[in-house]
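First up is the structure itself, then whatever we jot down about it.
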Ligand SMILES: Cc1ncc(COP(=O)(O)O)c(C=O)c1O
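Numbering (the working numbering), first residue to last: 261 to 686.
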């Protein structure tokens, strides 16, 4: 039972007045804080400043002059880096792209719409309807891509060990217009969920009515452990697909956006030989080659998996206190009230907050009016529709600790204010 449910109307009204006065005080402070996106903070970005050291030469290990056109699939050492440190896939099944894995995902769907997922397959654009399964809460930009292509989104509850597989299996078995699913298998955005072995195996093996069903395996946070050895592990989806003969099903993605620099990292996608051949044939029309100079300097800065691991530990040293601060404030301010719950992730970039039902939009809007911008409520659900209006994504990575503390102070106050207003309206 929440603290509020045992209070009388008069007590509630008095509490409301107190909280409102505190809120008005915040409004008068002229705050301008942004907690809306999961961006790396300056300190984390600075850990990769060695990237900007002048390059003495531009020739790679096999003699390629990286300043020139060509090598569309990426430098051998860049493919090897993604193979060893991120994707656990053979280097020859990896394409290294530009600075954004999201662009690779967008283009992969674009190719499916115009040319089909493999030669001879019907382009999705020729079909009356294309649907995707969207584990939710999830990454808002995946949902934006679906919106852009007119793909109907089917929300799937995200449970503690991954998406609800019972629902998924029955949906994909029955409906050939379901062509894909978004998966963030490790430290998911925003809930920090890592898929269990059972979930990965079921995704690989489930029968699908659509012959051209694809898993968009967005492993954006695969090296983003917060607590060193106490880390999650996720099965390699491709290897599970190999065991059951579904190797064309997954596209695997990763990038260094939150490893080196978010605006100028490198990204990659891995897939079956057949998918790769088709992707290359189509990509060849789109580009002559990605930025190999950037690939080369990344490989010099991060020559192997150990270098990535060491850099990520330095990042974790910066991030741990920020996550701890948010968790501590939520705990101190809200536990006793029993009006909310939140995640305590072992990695990734977010804390996912579940407040009083029907209040998320109001909380975000009141925070904004007092100068703290949070991720829009609803953004973590397909079509921006959180059915319970309950989830808010907290992104602690960007603001310095002092600003984070102020933002969280306001946030907790606003949550209480909304809970009291909800109780009074009853
Ligand atoms: C799940 C997920 N995928 C992809 C991205 C973006 O990746 P990139 O910078 O490689 O485009 C993000 C960024 O927040 C993310 O959270």
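Glycine is no exception: its CB is placed at the ideal position from the N, C-alpha and C atoms.
Predicted, not measured: the structure shown is a model, and the values here were computed from it.
Any 3 or more C-beta pairs closer than 8 Å across the segment 612 to 624 and the segment 566 to 573: Between the segment 612 to 624 and the segment 566 to 573 there are fewer than three C-beta pairs closer than 8 Å, too few to call the two in contact.
Nonlocal neighbours in the same chain, by C-beta distance under 7 Å from residue 568, ignoring five residues either side: The residue labelled residue 568 in the question sits at position 308 within the chain shown. The beta carbon of residue 568 lies closer than 7 Å to those of 345, 483, 519 and 562 in the same chain, with the five residues before and after it left out.
Residue 536, enclosing alpha helix (DSSP H) - first and last residue: Within the chain shown, numbered from 1, the residue matching residue 536 stands at position 276. For residue 536, the enclosing alpha helix (DSSP H) has its first and last residue at 533 to 546.
Beta carbon shell of ligand 1 at less than 5 Å from a heavy atom: Working through the chain, the matches are 298, 360, 361, 362, 399, 444, 449, 478, 480, 515, 517 and 527.
Rounded separation between residue 272 and residue 675 - CA only: For this step, residue 272 is matched to residue 12 along the chain shown. For this step, residue 675 is matched to residue 415 along the chain shown. Answer to the nearest angstrom: the Cα atoms are 15 Å apart.
Residue closest to residue 409, alpha-carbon to alpha-carbon, out of 383, 604, 431 and 496: Position 149 of the chain shown holds residue 409. Nearest neighbour of residue 409 by Cα position, chosen from 383, 604, 431 and 496, turns out to be 383.
At least 3 beta-carbon pairs within less than 8 Å: the segment 350 to 361 vs the segment 590 to 598: Fewer than three beta-carbon pairs drawn from the segment 350 to 361 and the segment 590 to 598 are found closer than 8 Å, and the two stretches are therefore not classed as touching.
Classification of residue 428 by the beta-carbon crowding that lies within 10 angstroms, buried from 16 upward: Along the chain shown, read from residue 1 onward, the residue named residue 428 stands at position 168. Classification for residue 428: buried.
Residue 635 versus residue 399 - alpha carbon distance: As a working mapping, residue 635 is identified with position 375 in the chain shown. As a working mapping, residue 399 is identified with position 139 in the chain shown. Taking the straight line from one Cα to the other gives about 11 Å.
Among 313, 372, 368 and 424, the one whose alpha carbon lies nearest that of residue 455: Here residue 455 refers to the residue found at position 195 of the chain shown. The residue with the shortest Cα to Cα distance from residue 455 is 424.
Bridge partners - residue 515, DSSP secondary structure assignment: The residue labelled residue 515 in the question sits at position 255 within the chain shown. By DSSP's assignment, residue 515 forms a beta bridge with 527.
Contained beta strand (DSSP E) runs [length at least 3] in the segment 339 to 408, N- to C-terminal order: Runs found: 354 to 356 and 391 to 396.
Among 491, 489, 509 and 388, the one whose alpha carbon lies nearest that of residue 498: Taking the first residue of the chain shown as position 1, residue 498 is located at position 238. Checking every option, the nearest Cα to that of residue 498 belongs to 509.
Run of the alpha helix (DSSP H) containing residue 302, from where it starts to where it stops: Taking the chain shown and counting its residues from 1, the one referred to as residue 302 is at position 42. Looking at the DSSP string, the run of the alpha helix (DSSP H) that includes residue 302 is 302 to 306.
Length of the line joining the Cα atoms of residue 366 and residue 280: As a working note, residue 366 is residue 106 in the chain shown. As a working note, residue 280 is residue 20 in the chain shown. Their backbone Cα atoms lie some 45 Å apart in a straight line.
Sequence ranges, alpha helix (DSSP H) only - wholly within the segment 616 to 664, length at least 4: Listed in chain order, the alpha helix (DSSP H) runs fully inside the segment 616 to 664 are 620 to 629, counting runs of at least 4 residues.
Validate contact between the segment 375 to 394 and the segment 430 to 448 using beta carbons, cut 8 Å, 3 pairs: Segments in contact, yes.
For residue 507, three-class secondary structure by DSSP: Translated into positions along the chain shown, residue 507 becomes position 247. If DSSP states are grouped into helix, strand and coil, residue 507 belongs with coil.
Sequence-distant residues of its chain with Cβ nearer than 6 Å to residue 452 (five each side left out): Here residue 452 refers to the residue found at position 192 when the chain shown is read from its first residue. Excluding sequence positions up to five before and after residue 452, its CB lies within less than 6 Å of the CB of 603, 605 and 608, all in the same chain and listed in chain order.
Given residue 309 as reference, the closest of 666, 550 and 560 once Cα atoms are compared: In the chain shown, residue 309 corresponds to position 49, counting from 1. Among 666, 550 and 560, the Cα nearest to that of residue 309 is on 560.
Beta-carbon gap between residue 395 and residue 418 smaller than 8 Å: Your numbering for residue 395 matches position 135 in the chain shown. Your numbering for residue 418 matches position 158 in the chain shown. In this structure, the beta-carbon distance from residue 395 to residue 418 falls below 8 Å.
Helix, strand or coil at residue 467 according to DSSP, with G and I counted as helix: Here the question's residue 467 lines up with position 207 in the chain shown. For residue 467, the three-state secondary structure derived from DSSP is coil.
Buried/exposed call for residue 460, threshold 16 Cβ in 10 Å: To locate residue 460, count along the chain shown from 1; it is residue 200. Looking at its Cβ environment, which holds 16 or more other Cβ atoms inside 10 Å, residue 460 is buried.
Anticipated Cβ contact below 8 Å, residue 512 with residue 335, distance rounded: On the chain shown, position 252 is the one that residue 512 refers to. On the chain shown, position 75 is the one that residue 335 refers to. Separation of the CB atoms of residue 512 and residue 335 is rounded to 19 Å, and the pair is thereby denied contact status at 8 Å.
Beta-carbon contacts of residue 663 that lie in its chain and below 6 Å, excluding the five residues immediately before and after: The residue given as residue 663 occupies position 403 in the chain shown. Residues 293 of the same chain have their beta carbon placed closer than 6 Å to that of residue 663, with the five preceding and five following residues left out of the count.
Which listed residue (516, 333 and 311) has its alpha carbon closest to that of residue 549: Reading the chain shown from its first residue, position 289 is the one you call residue 549. If we check each option's Cα against that of residue 549, 333 comes out closest.
Residue of 447, 411 and 611 minimising C-alpha distance to residue 422: Position 162 of the chain shown, counting from 1, holds the residue named residue 422. For the residues 447, 411 and 611, the minimum Cα distance to residue 422 belongs to 447.
In DSSP terms, what residue 412 is bridged to: Position 152 of the chain shown holds residue 412. According to DSSP, residue 412 bridges with 391.
Helix, strand or coil at residue 284 according to DSSP, with G and I counted as helix: Residue mapping note: residue 284 aligns to position 24 of the chain shown, counting from 1. In the structure shown, residue 284 sits in a helix (DSSP, three-state: H, G or I).
Selection from 466, 476 and 527 that minimises the alpha carbon distance to residue 503: Here the question's residue 503 lines up with position 243 in the chain shown. Closest by alpha carbon: 466.
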